[in-house]
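**Student:**
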Amino acid sequence: MAEPVAPDLWTTAVVDAGGRYGIHPSWRGYEAPIDYRMFEPEPVEAARLTTKYESRPDISVMPFALGAAPDTTIDLFMTAHHGYIGSTPPNPTSLWFGEVRPDEGVVEGSITVPATTLDAYLESTGRRADFLKVDVESYELQVLQGAAGALDRIL
């Protein structure tokens, strides 16, 4: 699929770092023009989302991670809880994985995924970000470090 043209000034540009499960509910039903880019580095989920949104040219799935440095890789831990795939294993003594769902914090494997920074991505594609949603299971600081230029424009 060809890369869509960068959004004009009337289009809301949303970056969703950690796009697992799809477009965030707060954007469903948004009626103005939107350019929604979700970054989902886990290959199976990225493929599922790409298929799910193939008829939506305003929603794109980027099959790589965002981090603090361009052209790098990140090791991700995959757990029994399929919503948790992160750069650190889950804390087994946390309330969630220690008491509420103790069996779901078990690490089932790990993968190495490609990563770049939000700033490098935006510069290389000529895009911008009007809104930034970050939900990357303890890697938020690194995503924000790689988004310093974008944050200057958003704020």
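Counting in the working numbering, the sequence shown runs from 96 upward without gaps.
Using N, Cα and C, we set each Cβ at its ideal position, and we do this for glycine too.
Just to confirm the assignment, what range does the beta strand (DSSP E) spanning E140 have?
**Tutor:** Here E140 belongs to no beta strand (DSSP E); instead the alpha helix (DSSP H) covers P138 to K147.
**Student:** Where A254 and A108 are concerned, what is the direct C-alpha to C-alpha distance, given to the nearest angstrom?
**Tutor:** Outside the displayed span of the chain (96 to 250) sits residue 254, for which this structure offers no information.
**Student:** Can at least three beta-carbon pairs, one atom from the region 192-200 and one from the region 242-250, be found at a separation below 8 Å?
**Tutor:** The region 192-200, when compared against the region 242-250, does not touch it at the 8 Å Cβ threshold.
**Student:** Where do the N-terminal and C-terminal ends of the beta strand (DSSP E) with L171 fall, by residue?
**Tutor:** Here the beta strand (DSSP E) through L171 covers T167 to T174.
**Student:** Over the uninterrupted beta strand (DSSP E) stretch that includes E218, give me the two end residues.
**Tutor:** Here E218 belongs to no beta strand (DSSP E); instead the alpha helix (DSSP H) covers L213 to T220.
**Student:** Using beta-carbon positions only, say whether A47 and V238 come within less than 7 Å of one another.
**Tutor:** An answer regarding residue 47 cannot be provided, because it is not within the stretch 96 to 250 covered by the chain.
**Student:** So who's on the other strand from V231, going by DSSP bridges?
**Tutor:** Its beta-bridge partners do not exist; DSSP assigns none.
**Student:** Got a sec, what are the start and stop residues for the beta strand (DSSP E) D247 sits in?
**Tutor:** Per DSSP, D247 belongs to no beta strand (DSSP E); it is in the alpha helix (DSSP H), A243 to I249.
**Student:** How far does the beta strand (DSSP E) with D130 in it extend, from its first residue to its last?
**Tutor:** That run of the beta strand (DSSP E) goes I129 to F134.
**Student:** I154 lies in the beta strand (DSSP E); which residues open and close that run?
**Tutor:** Looking at the DSSP string, the run of the beta strand (DSSP E) that includes I154 is I154 to M157.
**Student:** Going by beta carbon distance, what residues of the same chain come within less than 7 Å of K147, once the five residues before and after it are set aside?
**Tutor:** So the list reads G117, once near-sequence residues are dropped.
**Student:** Using the C-alpha atoms, what's the distance from P158 back to R143?
**Tutor:** So the two alpha carbons sit approximately 11 Å from each other.
**Student:** Roughly how many angstroms separate the alpha carbons of E218 and D198, rounded to a whole number?
**Tutor:** Their Cα atoms are separated by approximately 42 Å.
**Student:** Please determine whether the Cβ atom of E149 lies at a distance below 6 Å from any heavy atom of the ligand NAP.
**Tutor:** Ligands displayed in this structure: none; no statement on the ligand NAP is therefore possible.
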